[in-house]
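For the sequence shown, the positions run 627 to 1088 when this note's numbering is used.
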Amino acid sequence: MADAAPAVTGDAAKVRVSLASGFVAHCLQAQWRGVALLLVLQVAQVLATLLLPHLSADVIDLGVARGDRSDVMRRGGAMLAVSLAQVILAIGASVLGARLAMRYGRDLRAQVFSHVQAFSLQEMNRFGTPSLITRSTNDVLQLQTALLMILTMIVSAPLMAVGGVVMAVRQDAHLSLLLAVSMPLMLLAVALLMSRTVPYFRKMQGQIDRLNQILREQITGLRVIRAFVRDTSERARFSTANDALTDTALHTGRLMAAMIPMAVLVMQWSTIALVWFAAARIGAGTMQIGSLVAFLAYVAQILMSVMMAALLFAILPRALVCARRVEEVLATASSVADPVSPQDLPKELPSNKPTATPAKGRAVRGLEFKGVGFQYPGAAAPALHDIKLRVEPGQTVAVIGATGSGKSTLLSLVPRLFDVTAGRVLVDGIDVRELSLQALWGAIGLVPQQAYLFTGTIASNL
Ligand SMILES: Nc1ncnc2c1ncn2[C@@H]1O[C@H](COP(=O)(O)OP(=O)(O)OP(=O)(O)O)[C@@H](O)[C@H]1O
Ligand SMILES: [Mg+2]
């Protein structure tokens, strides 16, 4: 019954949401050695990549053009060595980046998991189980992917773009003016596309939540659905949510798919313009063939890195949404927390006999409810009101009442699944809110109304 409680968003929105970048900063701090190595690898790799077209220009202009065979072999060998180094550096950077991002995902998931474990039923009801599942799986995965992108591109893309421009200008300053047209053109095209895609990314996360919620309700409520012949309407409900998500995903997919052809188009136009202008210069003898080849390569590198940077900006908003959702969970403190200075339960007495006469005032054995009242959050009326009950050690008590009269609620106050809203619950004379949670739970054996079996054998469940 408590299962199907939807998230009360109004309350969740009140949770102070700190900046999502805090996560990344935290991760980078924890693994700073790996990050530093990654940066070094990336810088080295970019430098090698930038050097290659320059070398090839020399091979053509100084070797091939003059027909100097040994020079071609020598420079060719150098090129081979640089490109080999570039490949090794790139592989190293990819592996390291992936490893860092995976570790970050693992740690964040573990953090969310252990945080949610401490939640009382109240927080569980507020977020809703489906949303908590999405947040700790899908949302964390999005963050992990985003971090991978950030780690691989944050340094290399700008470095490649700037380095490419510098090298291109060195090859031929006049032709470089063309870059002043093609680079903004590329940026504009990508920015236009992104501004249309980002809102859809945002929408998608909410829709995944919704789909999860419906699916979970339908699987757990399968028998009820069959018994009340609700198949058709439930199927329709699922279809609606499923179609909505599919539509959004398709829409974003289509927009993203337009990106590569568009980038290629800008790139090809730039190439055509370059060759056109360069042909005149080469004909006039003010430019060499090798320079043109190198120049073309630099333009491709520059435009590629511009596109990569844009891609990063495309996934960042989605990751930011996910980060906020995860952060919301982490920022929520359990309403049932360990007290500041927890007390221990009095030591077990040697014999099992009840101590009706308290030794020093507070060592009263047994369980006691003192004027206990409880109201579910958001409920109109209290479920329990002014309950007085004393259970002596060894005594068996049965609480009898109509359905919904509050028997389960009464019991759930003892292990602090909920905290009382009035009065006190005492175990061996100590308020349960003053006991350490471990001591309290260790002293209680609870058989819930609805048995829940974990995966595995009966033995592993016990
Ligand atoms: N999570 C919840 N949020 C809001 N109200 C709740 C919640 N759980 C129970 N209630 C309400 O509190 C009251 C007491 O419910 P409780 O489950 O304690 O009854 P019960 O005596 O155990 O019933 P049953 O005999 O069916 O097990 C009911 O009116 C119920 O609707
Ligand atoms: Mg009950």
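Cβ coordinates follow ideal geometry from the N, Cα and C atoms, glycine included.
- A Cβ-Cβ separation of about 7 Å places L929 in contact with S808 under the 8 Å criterion.
- A distance below 6 Å between beta-carbons, with the five flanking residues on each side excluded, links G790 to the following residues of its chain, in chain order: Y924, Q927, I928.
- With a contact defined as Cβ atoms closer than 8 Å, L938 and I776 qualify at about 7 Å.
- For V666, the uninterrupted alpha helix (DSSP H) run begins and ends at 658 to 684, by DSSP.
- Separation of T897 and E749 (C-alpha to C-alpha, rounded to the nearest whole angstrom) is 59 Å.
- M705 sits close to L681, with the two beta carbons spaced by under 8 Å.
- Excluding sequence positions up to five before and after V947, its CB lies within less than 7 Å of the CB of R828, Q831, all in the same chain and listed in chain order.
- Runs of the beta strand (DSSP E) spanning 3 or more residues and lying entirely within the segment 983 to 1025 occur at 993 to 1000, 1010 to 1017, in chain order.
- DSSP, read as helix, strand or coil, puts R1042 in coil.
- About 4 Å separates the beta carbon of S931 from that of A787, a gap short enough to meet the 8 Å contact definition.
- Taking all protein chains in view, the Cβ of A867 is crowded by 16 or more other Cβ atoms within 10 Å, so the residue is classified as buried.
- Counting C-beta atoms within 10 angstroms of its own C-beta, L1088 has fewer than 16 neighbours from the protein chains shown and is therefore classed as exposed.
- As for any alpha helix (DSSP H) of minimum length 4 sitting wholly inside the segment 742 to 805, the runs are 747 to 753, 755 to 760, 766 to 779, 782 to 797, 799 to 802, ordered along the chain.
- As the crow flies, the alpha-carbon of D964 is around 21 Å from that of Q1001.
- By the CB criterion at 8 Å, I915 and I686 fall inside the cutoff.
- The alpha carbon of N838 has as its nearest neighbour, out of W895, V998, D765, the alpha carbon of D765.
- Taken in chain order, the whole alpha helix (DSSP H) runs of length 4 or more contained in the segment 687 to 735 number zero.
- Residues close to ligand 2 by the beta carbon criterion (under 7 Å to any non-hydrogen atom) are, from first to last along the chain, K1033, S1034, Q1075.
- Between the alpha carbons of Q657 and L811 lies a gap of roughly 38 Å.
- Bounds of any beta strand (DSSP E) do not take in L929; it lies within the alpha helix (DSSP H) bounded by 915 to 957.
- Using a Cβ distance threshold of 8 Å, A1009 and G992 do not count as a contacting pair.
- Within the same chain, and ignoring the five residues on either side of R1042 in sequence, the residues whose Cβ sits closer than 6 Å to its Cβ are V962, V1058.
- Residue pairing by DSSP puts D1057 in a beta bridge opposite L1052.
- Here Q969 is bridged, per DSSP, to L1061.
- When only Cα atoms are considered, A1069 and A883 end up about 60 Å apart.
- Comparing alpha carbon positions, the residue from M779, G703, Q712, L758 closest to R950 is L758.
- Here S1031 carries a coil assignment [DSSP, helix/strand/coil].
- If you ignore the 5 residues before and after V966, its C-beta comes within less than 8 Å of no other C-beta in its own chain.
- Selection G689, A670, V1051, P1074 evaluated against L1066 yields V1051 as nearest (Cα-Cα).
- A distance criterion of 7 Å places the beta-carbon of A1009 in contact range of ligand 1, judged by its closest non-hydrogen atom.
- Taken through DSSP and simplified to helix, strand or coil, V855 comes out as coil.
- The Cβ atoms of I1013 and L1037 lie no closer than 8 Å to each other.
- If you draw a straight line from the Cα of V708 to the Cα of A806, it is about 29 Å long.
- Distances between the C-beta of Y1002 and the heavy atoms of ligand 1 include at least one below 7 Å.
- If you draw a straight line from the Cα of Y826 to the Cα of L769, it is about 17 Å long.
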